[in-house]
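Protein chains in written order, with this note's numbering: chain V, 3 to 275; chain F, -7 to 144. Everything on this sheet refers to the single structure shown next.
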Amino acid sequence: MTAAFFGAACTNTIGAPLAAHRGVNVSRAEDRKKAREGGSDMTKFYLILGVIAVVGIGAVGYSVGSNTFGTAASEPVEVPGLDDQATLVAMAQGVKKGDEDAPFTIIEFGDYQCPGCGEFGLSVEPQIDLLLVQTGRAQFIYYDFPLTQVHPHAFLAARATRCAQDGDKYWEYHTMLFRNQSSWSVQQSAIGAFVGYAEDVGLEGDAFESCLKSDEHADVVSANMRLGYELAVPSTPTIMVQGFGQLRRLRNNSYQGIEEAMAAIEAAAAAGN
Amino acid sequence: MGSAASATPPMNRMVIAALALVGIFVALYLFAHNLGLGGPMVCGVGDCAAVQSSIYAKVGPVPVSAIGLVGYIALLVLSFMGIQPGRRDSRAIGGLLLAGAFGGTVFSAYLTYLEAAVIHAWCQYCVISAILITLIFFAALAEVPRLRGNRS
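Right under this line is the structure:
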């Protein structure tokens, strides 16, 4: 009993610390195992983050880089020789519609980002088209005059219409820009919208985009601007009516104003002035 | 318990970090376009141009994409800090993650409502972002037991 007691006591007094020691060892081993698992988890985690970072940087970098390197000219460019009147007249090219032999020519100096031009383009221009151009009474010519100081997308918009002209969709695109003026005008970058409109009017998107993201037609638009300055165009839209050797600038940019100017020119011609 | 728990990094914070990193690139892509750096936006589904050109694309002068970018960066930094040894049981980080994820989810829900009911157009990147922040919020819910129970 005593032995048993001592034995038990011995067993208990010696065994308990051993058991406790084994417990500590097990606990430390578990901790080390968890730490190893934790380290393994962290390695996997860093790998996953690395893959996400590489894919993300690649995708965003490609998107931004490919578009940044194809810089779209959105400001007037220096065109040599425009000080010479003959060169200026040769370089500045309005886009025409209607009979070249029509007795009258209606000239617009316009800016695609100007609300007044948008209103003229969507309300008066269809009347000009229907009642004057299609009847052979007048030819209509549009000259770009982007007011780049106040309209940051205007020069690019003018170039965009010229890119559309390359695909024989100038007038469709011209109307499309005016129709959606309130939308693209407020965007930070209008390039995406311009490409979308090109596809909407039936142009091939890639060809249009590559034209837009270049400096193509920047010289023509710049020359048109210079012509406008030479003619002292004060604002946009500026509408002029030419016929019988006379040129009149409209004060009232309405269809009625155009009819009145044409009548005045005819009357002056009849009177021999 | 504390030391045993901190031996392994909290899985939910690792998930939040990974999702936030994806969100950073989505927001960065939109922000680059807002700055005019991205050219035409690739938008396979929906009408990104309509959404991005709407008045709701900005909060005052700040593009929504910039707000998203800052939010995702904050979530990434917090979750990354929260998986480092010594901070794995941090209730402060847990609380901030939960609050940030909740705020982001509410803001994103508002933007989704605007797309559906006001603008009537969808931007796929906004939808992706909404899904990401919702998943982040669910992952952040795992912080609740940590905030409630682990007071040692």
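No residue lacks a Cβ here, since even glycine has one placed at the ideal position from N, Cα and C.
- Close partners of residue 73 (chain F) in chain V (Cβ separation under 8 Å) are lacking, with about 14 Å as the shortest Cβ gap.
- The C-beta distance from residue 121 (chain F) to residue 15 (chain F) rounds to 6 Å, short enough to meet the 8 Å contact threshold.
- Listed in chain order, the alpha helix (DSSP H) runs fully inside the stretch 185 to 234 of chain V are 193 to 202, 207 to 214, 220 to 232, counting runs of at least 4 residues.
- Listed in chain order, the non-local C-beta contacts of residue 18 (chain F) below 6 Å within the same chain comprise 117, 120, 121, local neighbours out to five positions each way being set aside.
- Cα atoms of residue 175 (chain V) and residue 191 (chain V): separation of roughly 18 Å, rounded to the nearest angstrom.
- Cβ contact annotation for residue 142 (chain V) (same chain, cutoff 6 Å, sequence separation greater than five): 99, 100, 108, 130, 135, in chain order.
- Residue 38 (chain F) sits in a strand when the DSSP states are folded into three classes.
- Within the stretch 56 to 140 of chain F, the complete alpha helix (DSSP H) segments at least 4 residues long are 56 to 74, 83 to 105, 116 to 132, listed from N- to C-terminus.
- Beta-bridge annotation (DSSP): residue 244 (chain V) is paired with V:107, V:249.
- For residue 255 (chain V) against residue 145 (chain V), the beta-carbon gap comes to about 15 Å, at or over 8 Å, which does not count as contact.
- Sequence-distant partners of residue 116 (chain V) (beyond 5 residues in either direction) whose C-beta falls short of 8 Å from its own C-beta, in its chain, are 149, 153, 156, 238, 239.
- Legend: CB atoms of the stretch 95 to 125 of chain F lying less than 7 Å from CB atoms of chain V are not found in any residue.
- Residue contact check for residue 4 (chain F) against chain V: no CB pair falls below 8 Å.
- Here the C-alpha atom of residue 114 (chain F) lies approximately 17 Å from the C-alpha atom of residue 26 (chain F).
- F:42 is the residue among F:61, F:42, F:21, F:136 whose C-alpha sits nearest the C-alpha of residue 184 (chain V).
- Membership of residue 267 (chain V) in the alpha helix (DSSP H) is indicated by the continuous run 257 to 272.
- Relative to residue 128 (chain F), the option among F:7, F:1, F:3 whose CA is nearest is F:7.
- Each residue's CA atom was taken as its position, placing residue 261 (chain V) and residue 92 (chain V) some 30 Å apart.
- Residues of chain V whose Cβ lies closer than 7 Å to the Cβ of residue 27 (chain F) are, in chain order, 190.
- By the C-beta criterion, the stretch 37 to 57 of chain F is judged not to be in contact with the stretch 160 to 180 of chain V, since fewer than 3 inter-stretch pairs fall below 8 Å.
- In chain V, no part has a C-beta under 7 Å from the C-beta of residue 129 (chain F); the shortest such distance is about 19 Å.
- Residue pairing by DSSP places residue 146 (chain V) opposite V:112 in a beta bridge.
- The C-beta of residue 247 (chain V) has fewer than 16 other C-beta atoms within 10 Å across all chains shown, which makes the residue exposed.
- When the Cα atoms are used, residue 126 (chain V) and residue 139 (chain V) turn out to be separated by approximately 16 Å.
- The Cβ of residue 62 (chain V) sits closer than 8 Å to at least one Cβ of chain F.
- Residues of the stretch 7 to 26 of chain F with a Cβ closer than 8 Å to any Cβ of chain V, in chain order: 9, 10, 13, 14, 16, 17, 20, 21, 24, 25, 26.
- Taking 8 Å as the threshold, the shortest C-beta distance from residue 200 (chain V) to chain F does not fall below it.
- Looking at the backbone, the Cα of residue 250 (chain V) and that of residue 110 (chain V) are separated by about 12 Å.
- For residue 97 (chain V), no alpha helix (DSSP H) run applies; the uninterrupted beta strand (DSSP E) run containing it begins and ends at 97 to 99, by DSSP.
- At least one CB of chain V lies nearer than 8 Å to the CB of residue 1 (chain F).
- The criterion of a C-beta distance shorter than 8 Å is satisfied by residue 197 (chain V) and residue 211 (chain V).
- Taken through DSSP and simplified to helix, strand or coil, residue 44 (chain F) comes out as helix.
- 8 Å or more divides the Cβ of residue 58 (chain F) from the Cβ of residue 94 (chain F).
- Between the C-alpha atoms of residue 103 (chain F) and residue 12 (chain F) there is a straight-line separation of about 18 Å.
- Between residue 147 (chain V) and residue 235 (chain V), the beta carbon gap of about 6 Å places them in contact (Cβ cut-off 8 Å).
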